[in-house]
Structures are given as structure tokens and as C-alpha cells.
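*Asks:* So that we are looking at the same thing, I have put the structure below in C-alpha cells.
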Amino acid sequence: MLWCATSCWLLGAAGMAVAASLPAGPGDGNVVALPDGRWVPAYKLVAQAEIAHLREPRSLPNDPLFPQQWHLSNNGAGGGTAGIDLNVTNWWDWSATNRLGAGVVIGVVDSGVEYTHPDLAANYLSALSWDHLSGDPDPFPTGGAFHGTAVAGLAAARGHNALGVVGVAPLAGFAALRLTAPTFQTDAMEAATLTHQNNNQGGLGTIHVYCNPWGPSDSRPTLAGPGPLTRAALRAGTVQGRNGLGSVILWASGNGRGALDNANYDGYANSHHVIAVGACDNRGQATPYAEPGTCLFVCAPSEGGPGTNSQITTTDRTGALGRNTDPVNGDYFNSFGGTSAAVGLAAGVAALVLEANPGLGWRDVKHIFALTSTRVSSTNAGWTTNAAGYAHHDTFGFGLLNAAAAGALAQTWNNVSAEVELTTGPIGVNQPILDGTGLALTNPVFGPAVTSAVTVPFPLVIETVSVTFQATHTYRGDVEVVLTSPTGVESVLAGIRNDSGDHYTNWVFTTVKNWGEFAAGTWTLRVRDGITNDSGAWQSWSLTFHGTPVAVPPLIRHLDSAGPGLWQVTFDAQSGVRYQVFHSSGLAPPVWSAVGASAVATAASCVVTVPAPPGPQGFFTVAPVH
Numbered sequence: 000m001l002w003c004a005t006s007c008w009l010l011g012a013a014g015m016a017v018a019a020s021l022p023a024g025p026g027d028g029n030v031v032a033l034p035d036g037r038w039v040p041a042y043k044l045v046a047q048a049e050i051a052h053l054r055e056p057r058s059l060p061n062d063p064l065f066p067q068q069w070h071l072s073n074n075g076a077g078g079g080t081a082g083i084d085l086n087v088t089n090w091w092d093w094s095a096t097n098r099l100g101a102g103v104v105i106g107v108v109d110s111g112v113e114y115t116h117p118d119l120a121a122n123y124l125s126a127l128s129w130d131h132l133s134g135d136p137d138p139f140p141t142g143g144a145f146h147g148t149a150v151a152g153l154a155a156a157r158g159h160n161a162l163g164v165v166g167v168a169p170l171a172g173f174a175a176l177r178l179t180a181p182t183f184q185t186d187a188m189e190a191a192t193l194t195h196q197n198n199n200q201g202g203l204g205t206i207h208v209y210c211n212p213w214g215p216s217d218s219r220p221t222l223a224g225p226g227p228l229t230r231a232a233l234r235a236g237t238v239q240g241r242n243g244l245g246s247v248i249l250w251a252s253g254n255g256r257g258a259l260d261n262a263n264y265d266g267y268a269n270s271h272h273v274i275a276v277g278a279c280d281n282r283g284q285a286t287p288y289a290e291p292g293t294c295l296f297v298c299a300p301s302e303g304g305p306g307t308n309s310q311i312t313t314t315d316r317t318g319a320l321g322r323n324t325d326p327v328n329g330d331y332f333n334s335f336g337g338t339s340a341a342v343g344l345a346a347g348v349a350a351l352v353l354e355a356n357p358g359l360g361w362r363d364v365k366h367i368f369a370l371t372s373t374r375v376s377s378t379n380a381g382w383t384t385n386a387a388g389y390a391h392h393d394t395f396g397f398g399l400l401n402a403a404a405a406g407a408l409a410q411t412w413n414n415v416s417a418e419v420e421l422t423t424g425p426i427g428v429n430q431p432i433l434d435g436t437g438l439a440l441t442n443p444v445f446g447p448a449v450t451s452a453v454t455v456p457f458p459l460v461i462e463t464v465s466v467t468f469q470a471t472h473t474y475r476g477d478v479e480v481v482l483t484s485p486t487g488v489e490s491v492l493a494g495i496r497n498d499s500g501d502h503y504t505n506w507v508f509t510t511v512k513n514w515g516e517f518a519a520g521t522w523t524l525r526v527r528d529g530i531t532n533d534s535g536a537w538q539s540w541s542l543t544f545h546g547t548p549v550a551v552p553p554l555i556r557h558l559d560s561a562g563p564g565l566w567q568v569t570f571d572a573q574s575g576v577r578y579q580v581f582h583s584s585g586l587a588p589p590v591w592s593a594v595g596a597s598a599v600a601t602a603a604s605c606v607v608t609v610p611a612p613p614g615p616q617g618f619f620t621v622a623p624v625h
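Residue 625 is where the sequence shown ends in numbering that gives the first Met the number 0, and the numbering goes up by one at each step.
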């Protein structure tokens with residue numbers, strides 16, 4: 000009988016790799032448990048984030064419309080809840096012109112920006128700007144297009160200048176990248192925009208943050224996403240942007256909630272490479288338009304529903320152009336909103352974080368947001384807390400952005416290890432999706448569920464999990480798709496909605512609900528039909544994990560017989576961490592299963608006795624589990 004100890008798993012498209020190829024990065028610390036059960040690297044000093052709440056505002060800006068900007072400082076007026084804001088006034092330091100975004104550049108990808116606006120001109124960077132629709136260096140909006148000007152004002156309107164409004168990052172520079180208009184935009188245009196000046200091309204400077212308040216139509220919940228060039232550009236931006244630290248790319252989740260749309264059906268907001276931003280109103284409650292999704296990362300303030308008095312005040316086209324057509328006092332308006340407003344505000348927070356620590360990678364910004372955002376509507380049943388202690392809500396993400404807490408944590412942050420991508424490869428199913436019997440979207444009656452499970456031994460701390468889903472169906476809006484993690488966390492990747500499109504052609508769903516959890520264990524995908532008259536078949540699926548290797552790779556040192564039908568596995572371990580031994584009878588491809596019970600290591604070397612699996616040969620590996 001031949002038994003081998005291995006630490007093999009699939010590494011993207013590259014195939015098999017061993018644990019030794021994934022060493023802990025420089026500065027990696029031990030993994031420790033916080034009192035609330037969350038596991039974090041010890042060096043991150045998470046508790047320091049709370050210091051920001053003890054600060055007093057050093058001074059407030061003198062911009063005359065600042066009192067109307069509840070998203071910056073909410074005192075409870077207008078039916079709002081005091082404190083439901085970005086907590087930015089506790090971070091700004093006007094006396095020293097510090098913590099205001101200086102040195103950071105935000106790219107506003109939109110309909111163009113009226114860069115001559117008196118509240119925007121001082122922060123505009125013409126050398127970094129471009130009109131990608133017309134192919135020229137002048138991104139001034141045409142006609143009465145106001146959207147980009149409004150978003151730019153939220154992110155980076157000049158502050159403390161006795162004019163109008165103040166942006167979240169009032170000393171940040173901004174580049175106007177004109178892309179959206181009633182005219183058609185191509186895949187090539189989108190790709191060029193999202194990598195425009197992302198790494199000091201031509202010595203002109205670098206755009207650090209890309210603000211994207213646009214996406215597929217919100218009128219119906221269909222699948223739509225970027226083309227191959229744009230997908231490559233998103234990846235290139237996070238790999239090559241900012242001299243390898245990665246561009247910080249933020250995306251509005253969309254405004255189609257009323258039509259049962261979901262950010263998971265938007266291939267831009269659903270991308271692993273972006274930060275999807277939703278919205279909450281001035282009470283910290285869900286808005287009637289902001290799309291939810293398992294990919295949603297954070298939320299930011301925006302207008303609420305009727306009667307909430309929570310519209311957003313920002314810059315408008317000057318004079319009679321734009322939304323406010325008053326020719327004398329028309330340079331600002333107080334009725335902006337949607338997730339466009341939210342992502343503009345989020346871009347400003349990202350700029351403050353990068354000013355606090357310019358060496359942060361794009362994933363570090365995500366980690367900081369996940370750790371410091373404020374849980375709103377805390378009694379809402381949609382909040383789920385995973386085994387790593389992270390609370391997530393499909394409407395609010397990890398919570399409302401908290402600029403002061405994020406900035407404070409950024410100052411002491413040690414960057415995470417290089418990203419690792421691990422995949423299961425395609426998992427064949429080839430089962431029919433039997434028709435449901437429901438008659439209405441609001442009352443589905445599900446047919447028999449089809450489930451498929453896969454066990455992975457990956458020694459990885461999760462950031463995102465992606466499911467590539469292949470199915471044929473004559474009305475895909477009838478199909479519900481749910482991923483369940485080894486810890487029991489459910490991600491509803493697709494729900495019942497009015498999408499008459501045919502098929503899922505390798506559509507990629509992304510979830511952040513398992514952030515911080517260990518990847519190892521059994522993952523299950525459930526598919527079922529809830530509405531009558533249409534059916535289909537599920538062909539295949541695969542899982543892709545992005546994250547960081549565990550601090551101490553559980554490398555197997557010895558594999559010894561422990562008596563009849565027993566094996567003794569000795570491996571490197573982290574004291575206090577629970578481990579599971581996995582077995583596969585082959586490696587082409589591996590089919591892993593857990594062997595024996597999991598065990599908690601009490602020293603740097605752990606010994607576990609497991610039953611010998613059947614068969615003439617086999618392979619063992621070990622991974623941390625919850």
C-alpha cells in the first residue's frame with residue numbers, strides 16, 4: 000500500500016502547487032482570536048480603529064451649504080438619525096490642512112465634469128483627464144449633462160473656501176474621465192478608461208481611485224457585464240496600478256431594487272476587483288432603489304424614499320444648465336441621490352485612507368473598510384455573522400463607511416500578504432432543473448432542488464468566493480442559486496425575478512459573506528426553480544477563492560502507521576487553531592474528503608490519528624477549519 004503526504008491544491012489555471020510555494024509574506028503575524036470570536040492577524044491592531052470615535056472636530060469648514068450636507072455631519076434634523084453619516088468631521092484637520100485627501104487623485108468616470116465650476120476648478124487635474132467618447136483631452140460635458148459634476152463635488156469639491164459645498168476629500172485632486180453618454184460606449188473605451196493614467200504614464204501622474212457611478216440598465220434584472228477587454232483592464236488595474244499596489248476601483252451597486260435587480264447580476268459591481276457600494280438613508284435604513292447583493296461591500300449615505308428628507312446636496316452645472324435651472328443661484332442642487340451619490344462619497348473616503356497611508360494595496364483598503372464600517376439597521380434580520388466574526392448584510396455590505404475609523408486604522412496598518420487565487424476546476428452536474436409551480440414572483444413554489452458539493456483542503460483565509468455557473472434554462476429568472484459554506488453561511492447568489500433571458504453561460508457570481516473564514520471544508524451549491532412553465536438543466540460549476548495563505552502553512556512532516564487501519568499525521572501548526580486532515584485517492588484531478596475528526600493544535604507541531612481510507616494508494620493534506 001502506497002500513501003503519500005501532500006499539500007496539493009489547484010492554483011488558478013496553473014494547476015498543482017505545494018504549500019511551500021505559498022510562504023507567509025514579510026511582516027505576517029500570528030493569527031489570534033478576538034473576544035467576539037473573530038480571527039485576525041495579530042499585527043493589525045484592530046482595536047485602534049475605535050480611537051477615531053473619541054476625537055473632537057478640530058474645526059468645521061466655512062462652506063455655506065455644509066449644514067445641508069447631512070451625509071458629512073448628521074445632527075438628526077429632517078427626520079434623520081444623528082450620527083448616520085460618514086464620520087468625516089472627526090477626521091478632517093482644517094487647522095493643519097491635514098487629513099483632507101491631499102496628494103491623492105480620484106478619477107471620476109462619468110458623463111464629463113464641468114471642471115470650471117468655482118467649487119471644483121482648484122482640484123481639477125487636466126493632465127490626467129480625458130474624453131474617451133470623443134478621443135480628446137477635454138472631458139467637459141455636453142448639453143445639460145450634470146451627473147459627473149455632481150459626483151465630482153461629493154468626492155472632491157474644494158472645502159473651506161467660503162463657497163457652496165465641501166467634498167469628502169476636499170484637497171484631493173480629481174481627473175474627469177468622460178465615458179458615459181446617450182451615445183454608445185465600447186468595450187475598448189471602457190477598458191481604456193479604467194486603466195487611464197493608473198501608473199504615472201508619461202510622467203503625468205497617477206490616478207489612485209476610480210469612481211464608477213454607472214453600469215448596466217436598472218430597468219430590468221437581467222445579466223449584463225463587461226466585455227473581455229474591460230475584464231482584463233479591471234485585473235490589470237489591481238495588479239499594475241499605483242506601481243503594483245493596485246488601483247482602488249469603486250462601483251455603484253445599481254438602482255434597480257424595485258425591479259428585483261441585484262448587484263450579482265451586474266458583472267461590473269460583481270467583479271472581484273472592485274468595491275461594490277450600496278446606499279442607506281439618513282436614518283441608516285435601506286433605500287427603495289439600491290440593489291443588494293452578496294458582492295456588496297459597503298454602503299454610503301444617499302437619498303431615501305418619499306418623506307425621508309434625505310436628498311444629497313452637491314455641485315451642479317453652473318447657471319441654467321443641469322438640475323437647478325436658476326440662472327443666478329443654479330450652481331448647486333439639493334436633490335441628488337442613488338448609488339451614484341453613494342459611490343462618489345465612498346471615493347472620497349478611499350482618498351482619505353490612501354492619504355493616511357499611501358503604501359496601502361487595493362486589498363488593504365478593502366480589509367480596512369470591512370473592519371471599520373458601521374453596522375446600521377442593526378436589528379434587521381438580514382445581518383449574518385460568519386465564523387471569522389464579520390457581519391454582512393446584502394443591502395449594507397459590511398456597513399456604513401466610517402472615515403475617521405478607517406483613516407485611523409490605515410495609519411497603523413501592515414499590508415496583507417500577496418493575493419492567492421485557488422480554484423476547484425469545473426465540477427460536472429448534468430442534472431435537470433425541474434419546474435416549480437409558483438405563479439407570482441413574490442410567492443415562488445419551488446420544485447425539487449438539485450445540489451452539488453465539493454470538499455476543498457485549501458489552507459487559505461478567504462476574501463472573496465466566486466462561483467462560475469453554467470446552466471440552460473428557458474427563463475433564468477425562475478432559478479434560485481444558493482451557496483452554503485462549510486460553516487453554514489448562505490449566499491443567495493440569484494433569486495426569483497423577472498428575467499426572461501435564456502441560460503447562465505459561465506456567469507460568475509461573487510460573495511464576500513465568507514470574508515476572513517478558512518476555505519477548507521465542504522461547499523454546497525443548491526439550484527431550484529420557483530415559477531411554473533419553464534425548466535432547464537444544470538451542467539457545471541466551479542469555485543474560485545481569493546485571499547491570503549494562512550500564517551503557518553500546515554505542512555505535513557510525517558505520515559506513519561498507527562496500528563491496523565490507522566495513520567498518524569504529523570504537521571506544522573498554529574497553536575489554538577483547529578485543523579482537518581483530508582484525503583484523495585488521486586490527483587488527476589483530486590477529489591478530497593475529510594478523514595477523521597478535526598483537532599485543535601496545542602503546539603507548533605500537531606499529531607492527529609485518522610482512519611486509513613480504502614484503496615491501494617492515496618494522498619493526505621491538512622488545512623485549518625472553523
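Yeah, the Cβ is synthetic: ideal placement off N, Cα and C, and Gly gets one too.
1) Can you give me the C-alpha to C-alpha distance between A452 and V276, rounded to a whole angstrom?
2) Is the beta carbon of V108 closer than 9 Å to that of L178?
3) On the criterion of 16 or more Cβ atoms from any shown chain inside 10 Å, does E55 qualify as buried, or is it exposed?
4) What do you get for R527, buried or exposed, if any count of 16 or more other CB atoms within 10 angstroms of its CB means buried?
5) Helix, strand or coil: how does DSSP classify F368 here?
6) Go ahead and pull the three-state DSSP assignment for T373.
7) Going by DSSP, what residue range makes up the beta strand (DSSP E) through L344?
8) Looking only at its chain, what residues have a beta carbon closer than 6 Å to the beta carbon of C3, apart from the 5 residues adjacent to it on each side?
9) Would you be able to state if there are at least three C-beta pairs under 8 Å between the segment 285–305 and the segment 239–258?
10) Look at the Cβ atom of V247, then the Cβ atom of V208, and state whether they are nearer than 9 Å.
11) Nearest to V449 by alpha carbon, out of G437, S465, A470?
12) Inspect the beta-carbon positions of L320 and R475 and report whether they are closer than 9 Å.
13) Out of A409, L433, V297, W540, which has the shortest C-alpha to C-alpha gap to P375?
14) Counting along the chain, where does the beta strand (DSSP E) carrying P626 start and finish?
15) Considering only C-alpha positions, which residue in the set W69, Y503, D186, V568 is nearest to T620?
16) Please name the residue, chosen from D217, G585, N160, Q538, that lies closest to G427 on a Cα-to-Cα basis.
17) List the whole-angstrom C-beta distance separating T205 from R241, where the pair is believed to meet the contact cut-off of C-beta under 8 Å.
18) Do G224 and N269 have their beta-carbon atoms positioned less than 9 Å apart in this structure?
19) Using a Cβ distance threshold of 8 Å, determine whether the segment 486–495 contacts the segment 579–596, with at least three qualifying pairs required.
20) So what's A452 in DSSP terms, helix, strand or just coil?
21) Just the C-alpha distance for D265 and E516, rounded to the nearest angstrom, thanks.
22) Checking the sheet assignment: what are the DSSP bridge partners for Q284?
23) Just to confirm the assignment: which complete alpha helix (DSSP H) runs, minimum length 4, are found wholly within the segment 204–256?
24) Tell me whether S125 sits in a helix, a strand or coil according to DSSP, three-state version.
25) So, using beta-carbon positions, are A156 and L203 closer together than 9 Å?
26) How is N626 classed by DSSP in three states: helix, strand or coil?
27) Express the C-alpha separation of S377 and G398 in angstroms, rounding to a whole number.
28) Quick check on this structure: which residue in V481, I311, T237 has the alpha carbon closest to the alpha carbon of K365?
29) Does E55 come out as helix, strand or coil in the three-state DSSP assignment?
30) Who are the near neighbours of L228 in its chain, counting only those whose CB is closer than 7 Å to its CB and skipping five residues on each side?
31) Quick check on the DSSP output: the alpha helix (DSSP H) that includes T486 runs from which residue to which?
32) In whole angstroms, what separates the C-alpha of N505 from that of G435?
33) Buried or exposed for P623, please, with buried defined as at least 16 other CB atoms from any protein chain shown within 10 angstroms of its CB.
34) On the DSSP bridge list, what partners appear for S560?
35) Just reading off the beta strand (DSSP E) that T314 is part of, what are its end residues?
36) When we look at the beta-carbon of R556 and count the other beta-carbons within 10 Å, is it buried (16 or more) or exposed?
*Replies:* Taking the definition as stated:
1) Distance between the alpha carbons of A452 and V276 is about 31 Å.
2) Against a cut-off of 9 Å, the Cβ pair of V108 and L178 comes out as a contact.
3) Caution applies to E55, whose pLDDT of 49 falls short of 50 and renders its modelled position unreliable; the model cannot decide the point.
4) With 16 or more Cβ atoms within 10 Å of its Cβ, R527 is classed as buried.
5) Here F368 carries a helix assignment [DSSP, helix/strand/coil].
6) In the displayed model, T373 falls within a strand according to three-state DSSP.
7) Secondary structure note for L344: it is in no beta strand (DSSP E), and the uninterrupted alpha helix (DSSP H) holding it is 337–355.
8) The predicted model places C3 with a pLDDT of 48, which falls under 50 and marks its position as unreliable; any figure quoted below should be read in that light. Listed in chain order, the non-local C-beta contacts of C3 below 6 Å within the same chain comprise F618, local neighbours out to five positions each way being set aside.
9) At 8 Å Cβ cutoff, the stretches touch.
10) Cβ distance < 9 Å, so V247 and V208 count as in contact.
11) Relative to V449, the option among G437, S465, A470 whose CA is nearest is A470.
12) Pairing L320 with R475 gives a Cβ-Cβ distance that is not under 9 Å.
13) Residue identity differs from the one stated: residue 375 is Val in this sequence, not Pro. For the residues A409, L433, V297, W540, the minimum Cα distance to V375 belongs to V297.
14) A query on residue 626 cannot be resolved here, the shown segment of the chain reaching from 0 to 625 and no further.
15) Selected option, being the one with the closest Cα: V568.
16) Each of D217, G585, N160, Q538 was checked against the Cα of G427, and the nearest Cα belongs to Q538.
17) The C-beta distance from T205 to R241 rounds to 6 Å, short enough to fall under 8 Å.
18) Contact flag set, yes.
19) Contact between the segment 486–495 and the segment 579–596 is absent, because fewer than three Cβ pairs lie under 8 Å.
20) It is a strand residue.
21) A direct Cα-to-Cα measurement between D265 and E516 gives close to 25 Å.
22) Residue pairing of Q284 in beta bridges, as defined by DSSP: absent, with no partner found.
23) Within the segment 204–256, the complete alpha helix (DSSP H) runs of at least 4 residues are 227–239.
24) Collapsing the DSSP output to three states places S125 in a helix.
25) L203 sits away from A156, with the two beta carbons spaced by 9 Å or more.
26) The first residue shown for the chain is 0 and the last is 625, placing residue 626 beyond what the model contains.
27) Spanning the two alpha carbons is a distance of roughly 10 Å.
28) Selection V481, I311, T237 evaluated against K365 yields T237 as nearest (Cα-Cα).
29) Interpretation of E55 is limited by its pLDDT of 49, a score under 50 that renders its predicted location unreliable; no figure is taken from the coordinates.
30) Within the same chain, L228 has close Cβ partners D186, A187, A190.
31) In the DSSP assignment, T486 falls outside any alpha helix (DSSP H), carrying neither H nor E.
32) Between N505 and G435, the C-alpha separation is close to 23 Å.
33) So P623 ends up on the buried side.
34) In the DSSP output, where bridge partners are listed per residue, S560 has W566.
35) According to the DSSP assignment, T314 belongs to the beta strand (DSSP E) that extends over 311–314.
36) Result: exposed.
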